[in-house]
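Residue numbers for the sequence shown follow our numbering, so the first one is 85 and each next one is one higher. From the three backbone atoms N, C-alpha and C, an ideal C-beta is built for every residue, glycine too. Computed from a prediction, not measured in an experiment: that's the story for all the values here.
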Amino acid sequence: MKRIVEIVPARPGWYSRWQIGSGATRCYPVSLWALVEEADGSAREVVGMDCAGQWPGSEDNESGGGFVRYLFQLPDSGSPEDVEPPSSAEPRSTGPRRQPVVMAQQTVVAA
């Protein structure tokens with residue numbers, strides 16, 4: 085079993101590329117980097133989790149997809165041609181989800 089040593093946010097421009105079919109790929113922006121190590125501390129590696137909640141080796145990744153590589157593209161040069169925007173990424177069926185915060189409205193009456 086591996087353990088997480090450190091987590092840091094990914095800077096803009098990092099993407100994970102996945103093979104999704106014969107000759108077809110899809111990129112997702114990387115959200116965070118995690119330094120993970122074996123339980124005995126023998127080996128360490130850096131793994132990126134993308135905005136769709138996928139990372140190499142996860143059992144919950146998009147079915148039929150295989151990790152290809154990480155890539156970096158300067159933010160000023162645009163996104164890769166096969167990027168999947170975060171807003172249209174398919175929701176994952178497992179794991180925590182962000183929920184909107186509903187604030188109670190307060191009415192102030194001047195005296």
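Start and end residues, beta strand (DSSP E) containing residue i
| i | result |
| --- | --- |
| E129 | R128 to D134 |
From the options, residue whose alpha carbon lies closest to that of residue i
| i | options | result |
| --- | --- | --- |
| P96 | D166, F156, G148 and M133 | F156 |
| Y154 | G141, V120, W102 and A108 | W102 |
| G125 | I88, V114 and P164 | I88 |
| V114 | W98, P164 and E165 | W98 |
| D166 | M85, K86 and G107 | G107 |
Proximal residues to residue i (C-beta, below 6 Å), its chain only, five neighbours per side dropped
| i | result |
| --- | --- |
| Y112 | S100, D134, C135, A136 and E168 |
| L116 | I91, P93, A94 and M133 |
| Q138 | N145 |
Neighbourhood of residue i by C-beta distance below 8 Å, restricted to the same chain and skipping five residues each side
| i | result |
| --- | --- |
| I104 | R110, E146, G148 and G149 |
7 Å Cβ shell around residue i - same chain, five flanking residues per side excluded
| i | result |
| --- | --- |
| P140 | V131 and F151 |
* Asked: What residue ranges within the stretch 88–149 form continuous beta strand (DSSP E) runs of no fewer than 3 residues, ordered along the chain?
  -> 98–105, 108–122 and 128–134
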